[in-house]
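Asks:
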Amino acid sequence: DAKTTQPTSMDCAEGRAANLPCNHSTISGNEYVYWYRQIHSQGPQYIIHGLKNNETNEMASLIITEDRKSSTLILPHATLRDTAVYYCIVREGSGNTGKLIFGQGTTLQVKP
Amino acid sequence: KAGVTQTPRYLIKTRGQQVTLSCSPISGHRSVSWYQQTPGQGLQFLFEYFSETQRNKGNFPGRFSGRQFSNSRSEMNVSTLELGDSALYLCASSFWATGVSEQYFGPGTRLTVT
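Chains as they are written, first to last, in this note's numbering: chain A, 264 to 375; chain B, 2 to 115.
1. Taking 8 angstroms as the CB-CB cut-off, is residue 104 of chain B touching chain A?
2. Grouping DSSP H, G and I as helix and E and B as strand, with all else coil, what is residue 84 of chain B?
3. Can you name the start and end residues of the beta strand (DSSP E) that residue 273 of chain A belongs to?
4. If we ignore side chains and look at the alpha-carbon of each, how far apart do residue 34 of chain B and residue 46 of chain B end up?
5. What does residue 108 of chain B touch in chain A if you count any residue whose Cβ is under 7 angstroms from its own?
6. Would you call residue 280 of chain A buried or exposed, if buried means 16 or more other Cβ atoms sit within 10 Å of its Cβ?
7. Just the Cα atoms here: how many angstroms apart are residue 303 of chain A and residue 367 of chain A?
8. Count the other C-beta atoms from every protein chain shown that fall within 10 angstroms of the C-beta of residue 349 of chain A, then say buried if there are 16 or more, exposed otherwise.
9. Any residues in the region 56-75 of chain B with a beta carbon nearer than 7 angstroms to a beta carbon of chain A? Which ones, in chain order?
10. Show which residues of chain A have a CB atom less than 8 angstroms away from the CB atom of residue 91 of chain B.
11. Apart from the five residues on each side of it in sequence, which residues of its chain come closer than 8 angstroms, Cβ to Cβ, to residue 334 of chain A?
12. Excluding the 5 residues flanking residue 113 of chain B on each side, which residues of the same chain have their C-beta closer than 6 angstroms to its C-beta?
13. Quick one, which of B:28, B:15, B:5, B:42 has its alpha-carbon nearest residue 115 of chain B's?
14. Beta-carbon within less than 6 angstroms of residue 78 of chain B's beta-carbon, same chain only, minus the 5 sequence neighbours each way: which residues are those?
15. Between which two residues does the beta strand (DSSP E) holding residue 35 of chain B run?
16. Let's test the definition: count the other Cβ atoms within 10 Å of the Cβ of residue 340 of chain A and tell me whether it reaches 16, buried, or not, exposed.
17. Between the beta-carbon of residue 306 of chain A and the beta-carbon of residue 29 of chain B, is there less than 8 angstroms?
18. Where residue 31 of chain B and residue 266 of chain A are concerned, what is the direct C-alpha to C-alpha distance, given to the nearest angstrom?
19. Which residue or residues does DSSP assign as beta-bridge partners of residue 112 of chain B?
20. Since residue 277 of chain A and residue 373 of chain A should fall inside the 8 angstroms C-beta cutoff, what is the C-beta to C-beta distance between them, to a whole number of angstroms?
21. What residue range does the beta strand (DSSP E) around residue 302 of chain A cover?
22. If I follow the unbroken beta strand (DSSP E) through residue 5 of chain B, where does it start and stop?
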C-alpha cells in the first residue's frame, strides 16, 4: 500500500503558485520523498525528490517539514500545461529496488 | 538523448490470446520496471529487471511474465488474456537499481482485450 496521503483534487489559477500537500507520517529515516506527475494518458514524469532538506529545480520546489511527516510540492507559476495528476511517493533510498508504489495522487486543475 | 520507447503503442487482442510488449530504456540505463494502470486500480507495479535478472515482482498472477536482454531492452508477456487485463502498460528505466535515482517512463502500450 502507498505510504502517502494526498487530497483527491485541487484547483489553481493560471500564473499563481500551486501548493500540493502530501502526508507521509510513517516515513523512515532512509526514505526519500519523490514527486511524479502524469498528464492525461501519458507516462508519469519525474519532478523532484528530497530526503530532509528543501529542494528546488527548474520545475518545482519541494518543502519537507522538519519532522519529515509531510511535504509540499510547489509549482511557482502554474500554467495550463501543469494540469495533471501529481503523485507523492515515499521510497527507500538505499533499497535494492526501483519499485515505486503509487497512490491515487492529486488531480491538479489549472484554470485560466 | 532518446527517451524510453515502447512498442506497440496500441494493441487489441481477444480473450485467451497472449501478447508481448516491448520496452527500450534510455541508453545507459540498466534497470527496467513495468507497471499496469487501470481506472479502478491505478498504477500498480508488475516487476523490475536489472542486468537481466528479475529484482522484484508485484502481486500479479503467473500469466504475467517478463525478461530483460543483455542490451537492457525488456519484454513483458501476458498469456491467456482476460478482459481485466485491458490497461495501459508502462515501462520505466533508471540508471541505478539501488540508491536514489529517478525513473523515466515511456508513453505506454494501451492494451484492449475483447
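Using N, Cα and C, we set each Cβ at its ideal position, and we do this for glycine too.
What you are looking at is a predicted structure, and each value in this text was computed from that prediction instead of being measured.
Replies: With the structure as the only source:
1. yes
2. helix
3. 272-276
4. Taking the Cα positions, residue 34 of chain B is about 8 angstroms away from residue 46 of chain B.
5. Those are 305, 306, listed as they occur along chain A.
6. exposed
7. Take the alpha-carbon of residue 303 of chain A and the one of residue 367 of chain A: they are about 14 angstroms apart.
8. buried
9. 56, 57
10. Correct list: 306, 307.
11. 284, 285, 287, 296, 313, 325, 326, 327, 328, 351
12. Counting only residues of its own chain and dropping the five nearest sequence neighbours on each side, residue 113 of chain B has a CB closer than 6 angstroms to the CB of 13, 87.
13. When only C-alpha atoms are compared, the closest one is B:15.
14. 21, 66
15. 32-39
16. exposed
17. no
18. 27 angstroms
19. B:12, B:88
20. 6 angstroms
21. Careful: residue 302 of chain A lies outside any beta strand (DSSP E) and carries neither H nor E.
22. No beta strand (DSSP E) contains residue 5 of chain B, which DSSP labels as neither H nor E.
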